[in-house]
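Trainee: This is the structure, below, for whatever I ask next.
Numbering (the UniProt record's numbering), first residue to last: 1 to 142.
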């Protein structure tokens, strides 16, 4: 999670919403990213989407069923859909996203019947640090 937080901080320095993600496969970091919606002009350039794409490309397969995803904030519905499609069995995230979170806050896809059978979801990991990153970023914007 420390590396995801580091990526989120890097994103904030670039004017992006500070969300970082890391994809780990068999104990190795396969991909890492931060949000890049602003710099790429791409509404789908969320940290989670970027690491899933990078990971699939690096591993040469779309099924990431032996990987874990670490994210500083609760994934949105779009990202959760990609996580489900990639068959990622482990999701670890920090801050709850009450407005856009797709795991438990809005769409509640963390309880969806299409989840991988043995998907593990861990919420609130390094939560205070992750929340503070978001809070500081949006305070500066206002």
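Note that beta-carbon positions come from the ideal geometry of N, C-alpha and C, so glycine has one too.
With a threshold of 16 other CB atoms inside 10 Å of the CB of residue 49, please say whether the residue is buried or exposed.
Mentor: buried
Trainee: In terms of residues, what are the limits of the beta strand (DSSP E) holding residue 124?
Mentor: First-last for residue 124: undefined, no H or E at that position.
Trainee: List the DSSP bridge partners of residue 25.
Mentor: 28, 67
Trainee: Apart from the five residues on each side of it in sequence, which residues of its chain come closer than 8 Å, Cβ to Cβ, to residue 64?
Mentor: Taken in chain order, the residues that qualify are 23, 25, 52, 55, 56, 86, 87, 88.
Trainee: Might you give, ordered along the chain, the residues of its own chain that have their beta carbon closer than 6 Å to the beta carbon of residue 90, omitting 5 neighbours on each side?
Mentor: 68, 120
Trainee: Does DSSP put residue 51 in a helix, in a strand, or in coil?
Mentor: The answer is helix: DSSP assigns residue 51 an H, G or I state.
Trainee: Hey, out of 30, 97, 47, 104, whose CA is closest to residue 38's CA?
Mentor: In terms of Cα proximity to residue 38, the closest of 30, 97, 47, 104 is 47.
Trainee: Sort 139, 129, 136 by Cα distance to residue 6 and report the nearest one.
Mentor: 129
Trainee: Using a threshold of 8 Å, state whether the C-beta atoms of residue 17 and residue 137 are closer than that.
Mentor: Their beta carbons are under 8 Å apart, which means residue 17 touches residue 137 by this criterion.
Trainee: Grab me the residues of residue 66's own chain with a C-beta within less than 8 Å of its C-beta, minus the 5 sequence neighbours each way, in chain order.
Mentor: 25, 26, 89
Trainee: Please identify the residue among 12, 3, 77, 4 whose C-alpha is closest to the C-alpha of residue 139.
Mentor: 12
Trainee: Give the DSSP-derived three-state secondary structure of residue 57 in the structure shown.
Mentor: If DSSP states are grouped into helix, strand and coil, residue 57 belongs with the helices.
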